[in-house]
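Number of protein chains: 6
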Amino acid sequence: MTRYERGMKKLEEIDGQAGQAVVDGLRDIAPDFAHYLIEFPFGDIYSRPGLDLESREIATIAALTAMGTAAPQLKVHIAAGLNVGLTREQITETIMQMAVYAGFPAALNGLFAAREVFAAH
Amino acid sequence: MTRYERGMKKLEEIDGQAGQAVVDGLRDIAPDFAHYLIEFPFGDIYSRPGLDLESREIATIAALTAMGTAAPQLKVHIAAGLNVGLTREQITETIMQMAVYAGFPAALNGLFAAREVFAAH
Amino acid sequence: MTRYERGMKKLEEIDGQAGQAVVDGLRDIAPDFAHYLIEFPFGDIYSRPGLDLESREIATIAALTAMGTAAPQLKVHIAAGLNVGLTREQITETIMQMAVYAGFPAALNGLFAAREVFAAH
Amino acid sequence: MTRYERGMKKLEEIDGQAGQAVVDGLRDIAPDFAHYLIEFPFGDIYSRPGLDLESREIATIAALTAMGTAAPQLKVHIAAGLNVGLTREQITETIMQMAVYAGFPAALNGLFAAREVFAAH
Amino acid sequence: MTRYERGMKKLEEIDGQAGQAVVDGLRDIAPDFAHYLIEFPFGDIYSRPGLDLESREIATIAALTAMGTAAPQLKVHIAAGLNVGLTREQITETIMQMAVYAGFPAALNGLFAAREVFAAH
Amino acid sequence: MTRYERGMKKLEEIDGQAGQAVVDGLRDIAPDFAHYLIEFPFGDIYSRPGLDLESREIATIAALTAMGTAAPQLKVHIAAGLNVGLTREQITETIMQMAVYAGFPAALNGLFAAREVFAAH
Chain H
4 MTRYERGMKK
14 LEEIDGQAGQ
24 AVVDGLRDIA
34 PDFAHYLIEF
44 PFGDIYSRPG
54 LDLESREIAT
64 IAALTAMGTA
74 APQLKVHIAA
84 GLNVGLTREQ
94 ITETIMQMAV
104 YAGFPAALNG
114 LFAAREVFAA
124 H
Chain A
4 MTRYERGMKK
14 LEEIDGQAGQ
24 AVVDGLRDIA
34 PDFAHYLIEF
44 PFGDIYSRPG
54 LDLESREIAT
64 IAALTAMGTA
74 APQLKVHIAA
84 GLNVGLTREQ
94 ITETIMQMAV
104 YAGFPAALNG
114 LFAAREVFAA
124 H
Chain G
4 MTRYERGMKK
14 LEEIDGQAGQ
24 AVVDGLRDIA
34 PDFAHYLIEF
44 PFGDIYSRPG
54 LDLESREIAT
64 IAALTAMGTA
74 APQLKVHIAA
84 GLNVGLTREQ
94 ITETIMQMAV
104 YAGFPAALNG
114 LFAAREVFAA
124 H
Chain R
4 MTRYERGMKK
14 LEEIDGQAGQ
24 AVVDGLRDIA
34 PDFAHYLIEF
44 PFGDIYSRPG
54 LDLESREIAT
64 IAALTAMGTA
74 APQLKVHIAA
84 GLNVGLTREQ
94 ITETIMQMAV
104 YAGFPAALNG
114 LFAAREVFAA
124 H
Chain S
4 MTRYERGMKK
14 LEEIDGQAGQ
24 AVVDGLRDIA
34 PDFAHYLIEF
44 PFGDIYSRPG
54 LDLESREIAT
64 IAALTAMGTA
74 APQLKVHIAA
84 GLNVGLTREQ
94 ITETIMQMAV
104 YAGFPAALNG
114 LFAAREVFAA
124 H
Chain L
4 MTRYERGMKK
14 LEEIDGQAGQ
24 AVVDGLRDIA
34 PDFAHYLIEF
44 PFGDIYSRPG
54 LDLESREIAT
64 IAALTAMGTA
74 APQLKVHIAA
84 GLNVGLTREQ
94 ITETIMQMAV
104 YAGFPAALNG
114 LFAAREVFAA
124 H
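Protein chains in written order, with the numbering used here: chain H, 4 to 124; chain A, 4 to 124; chain G, 4 to 124; chain R, 4 to 124; chain S, 4 to 124; chain L, 4 to 124.
Rendered as structure tokens:
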């Protein structure tokens with residue numbers, strides 16, 4: 004199995020359909036970047052043993068909430084968190100905790116993203 | 004039990020001695036801030052049910068690695084991660100994953116912080 | 004008076020109706036977080052003596068402009084600045100100064116937020 | 004030639020009409036800031052010898068992509084890059100490279116901005 | 004009076020000797036940048052009416068604490084705050100408030116910078 | 004030629020010895036991460052046609068200066084810039100320009116990093 008195949012399989016496990024949508028969205032601007040996106044994050048990193056997918060999604064939700072610069076990707080990973088088995092409570096607890104490390108606005112914006120994703124789920 | 008007492012108990016569970024050191028370090032500059040630090044992050048947030056301490060430390064290590072602006076606090080929480088039962092592997096996996104979301108320099112600086120904390124442990 | 008009561012009173016003094024709107028917005032996603040938001044920022048911090056509310060709003064407007072990751076909260080605090088007695092000039096001077104510390108795009112985006120808030124006021 | 008005249012000339016060389024639009028947009032909120040924006044960035048910095056305009060736009064596109072807090076300005080500079088002679092490929096390569104330094108979401112959001120600017124060009 | 008002269012006078016009013024030290028430090032790497040640093044921030048911005056120097060230093064201390072990427076400059080402006088008449092309490096209140104907007108680590112690192120500056124003053 | 008071999012060759016072209024030093028530094032904490040670091044940034048990205056190495060280093064120096072969270076990596080890439088043929092002037096111009104986009108402290112800290120690298124070169 005190539006890195007791309009392994010990454011695509013992992014991405015589907017995590018994101019359902021969202022993975023293919025990103026690949027499609029990059030087709031006319033940077034098709035090679037879609038390959039890198041499948042290969043390194045999903046084929047290399049998320050496919051590693053040593054940290055389960057629930058914990059990986061907690062880490063990603065925490066980081067994207069704290070950074071506050073990647074709203075679309077935060078929403079994708081809140082949905083991914085639900086997909087891999089996190090409860091809504093685990094997700095909102097993770098986001099609320101970011102008030103401590105990145106301030107209340109970061110946590111508030113994360114919670115509003117979660118509300119939107121939960122409503123659509 | 005007051006928020007302060009609950010926070011101090013939780014901080015000792017997580018950080019061992021490090022909590023008292025921070026309180027002492029703030030005594031001559033902003034003693035009230037030491038209270039807030041015990042009360043809100045530890046008395047309110049970390050004391051909540053709904054997310055276990057291992058997951059809370061994964062979230063914090065991820066966020067502080069990604070932000071890249073809080074090296075001393077990242078080291079405290081890498082040590083805290085070990086204290087609450089995370090393996091070294093879980094911690095380095097969390098940090099490595101941040102290369103995807105915050106870039107390779109953030110992950111590299113996080114790994115070097117972990118190397119330092121692991122060596123002292 | 005509890006921290007929550009003191010915070011709610013302070014928040015109303017600063018934000019008028021906006022405080023209740025945020026509490027309402029959190030009700031179905033993270034009601035406890037609304038409590039923390041009233042208690043720590045407003046019940047603890049903004050209620051402290053030692054820095055007047057005008058100065059506190061200058062500090063917040065400066066920080067949120069510089070960070071550039073919290074547009075909704077920046078707008079709330081530009082309105083709050085007017086509420087506590089800052090002039091439009093003091094607010095735009097604060098935002099313009101951020102060009103020095105966080106770059107021209109941060110200041111520009113802050114000024115456009117102020118234009119929007121001033122127009123609605 | 005004053006700094007303002009030199010800056011306006013340079014800005015027109017780089018941005019075409021976009022410069023005048025920004026000046027107009029600031030007229031009712033902070034007209035002096037429009038002057039600073041013409042004078043320091045364009046009259047002082049972009050007018051310096053020692054780095055050609057293509058390289059200056061690569062630097063700006065890279066920085067704004069990596070920071071992730073200035074979407075409108077990133078779009079202006081992607082268009083400016085095309086104006087001063089960068090190819091679409093040079094621009095997308097610059098943005099893709101930011102995945103290494105600021106993470107995949109920053110690069111993705113930059114690529115989507117480029118797709119929008121290229122389509123309108 | 005030129006912008007440079009006005010800026011140098013303002014910088015001395017704010018920073019005492021620190022201004023000349025920065026100019027000297029840039030001499031062998033980027034002497035022109037020392038000129039820009041005197042002219043735009045101090046000759047243009049800090050020399051404007053409409054916001055007093057105490058408020059300007061509160062804005063700068065708040066922003067640099069929140070950003071967390073400019074420790075040397077934060078220390079310069081904590082000292083500058085004392086020079087223009089802020090009390091230690093006003094400075095520590097400003098920094099503590101940043102816990103709300105940028106998280107506890109940012110505020111902690113700001114307080115430790117203040118402790119260092121106050122001790123040397 | 005594998006991605007790792009291509010990456011190692013490219014990294015040596017850019018960084019001279021520094022590449023091997025990073026690989027060595029990761030050996031006892033996260034040896035797999037050294038592989039990713041060679042493979043994705045250098046084997047995939049820097050090896051792409053469409054943007055020459057001088058432009059790639061300008062992009063990286065700009066981004067790391069603007070971000071302000073990766074001082075060690077900024078120094079490595081200032082040295083790399085010299086290695087691939089950038090002049091000192093091109094490097095300082097790139098860094099100075101970041102005052103416009105990320106503020107004067109970011110540019111100042113970048114210039115001081117350049118002074119250190121140039122002195123050691």
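Where is the CB? At the ideal position from N, CA and C, for every residue including glycine.
> If we ignore side chains and look at the alpha-carbon of each, how far apart do residue 70/A and residue 4/S end up?
Replying inline: 43 Å
> Which residues of chain G have a Cβ atom closer than 9 Å to the Cβ of residue 102/H, listed in chain order?
Replying inline: 36, 39, 40, 43
> What does residue 106/S reach in chain H if we use C-beta pairs closer than 7 Å?
Replying inline: 103, 104, 105, 106
> Do you know how far the Cα of residue 42/H is from the Cα of residue 7/H?
Replying inline: 5 Å
> Three or more beta-carbon pairs under 8 Å between the region 50-65 of chain A and the region 20-31 of chain A, yes or no?
Replying inline: Of all C-beta pairs linking the region 50-65 of chain A to the region 20-31 of chain A, fewer than three are shorter than 8 Å, placing the two stretches out of contact.
> In angstroms, rounded to a whole number, what distance separates the CA positions of residue 74/G and residue 87/G?
Replying inline: 20 Å
> Is there contact between the region 84-103 of chain H and the region 104-121 of chain A, where contact requires at least three CB pairs shorter than 8 Å?
Replying inline: Judged by Cβ distances under 8 Å, the region 84-103 of chain H makes no contact with the region 104-121 of chain A, as fewer than three pairs qualify.
> When burial is assigned at 16 or more other CB atoms within 10 Å of the CB, is residue 124/L buried or exposed?
Replying inline: exposed
>> Just to make sure I have the definition right: I need the residues of chain S whose C-beta is within less than 7 Å of the C-beta of residue 94/A. Which are they?
In response: Ordered by position in chain S, no residue passes the 7 Å Cβ test against residue 94/A, which lies about 18 Å from the chain.
> Since residue 53/S and residue 57/G are thought to touch, with beta carbons under 8 Å apart, how far apart are those beta carbons, to the nearest angstrom?
Replying inline: In fact, because the Cβ distance is near 14 Å, the residues do not count as touching under 8 Å.
> Do residue 114/R and residue 36/H come within 8 Å of each other at the CB atom, strictly closer than that value?
Replying inline: yes
> Name the chain G residues whose beta carbon is nearer than 8 Å to that of residue 109/H?
Replying inline: 72, 73
> Using a C-beta cutoff of 8 Å, does residue 10/L count as contacting chain R?
Replying inline: no
>> For a quick check, are the C-beta atoms of residue 3/S and residue 32/A less than 8 Å apart?
In response: Since the displayed chain S opens at 4 and closes at 124, residue 3/S lies outside it and no answer follows.
>> Run through chain L and tell me which residues come within less than 7 Å of residue 47/H, C-beta to C-beta.
In response: 39
> Hey, would you say residue 72/S sits closer than 8 Å to residue 72/A, going by beta carbons?
Replying inline: yes
> Measuring CA to CA, which of 46/S, 10/S, 29/S, 121/S is closest to residue 84/S?
Replying inline: 121/S
> What residue from 28/R, 45/R, 65/R, 40/R has the CA that sits closest to residue 2/R's CA?
Replying inline: Coverage of chain R is limited to positions 4 through 124, which leaves residue 2/R absent and any answer about it impossible.
> Mind pulling the alpha helix (DSSP H) runs of 4 or more residues that sit fully within the region 11-39 of chain S?
Replying inline: 21-29
>> Give me, in chain order, the residues of the same chain whose beta-carbon lies closer than 7 Å to that of residue 80/R; leave out the 5 immediate sequence neighbours on both sides.
In response: Around residue 80/R: 60, 63, 64, 67.
>> By alpha-carbon positions, which one of 9/L, 78/L, 117/L ends up nearest to residue 38/L?
In response: 9/L
>> the ligand PLP and residue 98/L: does any heavy atom of the ligand fall closer than 7 Å to the residue's C-beta?
In response: With respect to the ligand PLP, the structure shown offers nothing to examine, as it has no ligands at all.
> Got a sec, what are the start and stop residues for the alpha helix (DSSP H) residue 51/R sits in?
Replying inline: For residue 51/R, no alpha helix (DSSP H) encloses it, and the DSSP letter there is neither H nor E.
>> Measuring only the C-alpha atoms, how far is residue 110/A from residue 98/A?
In response: One alpha carbon belongs to residue 110/A, the other to residue 98/A, and they sit about 6 Å apart.
> Taking Cβ positions, are residue 125/R and residue 50/R nearer each other than 8 Å?
Replying inline: Residue 125/R lies beyond the range of chain R shown here (4 to 124); nothing can be said about it.
> Per DSSP, what kind of secondary structure is residue 47/G in: helix, strand or coil?
Replying inline: helix
> Using a beta-carbon distance below 8 Å, is residue 117/G in contact with chain R?
Replying inline: yes
> Closer than 8 Å, CB to CB, is residue 29/R near chain G or not?
Replying inline: yes
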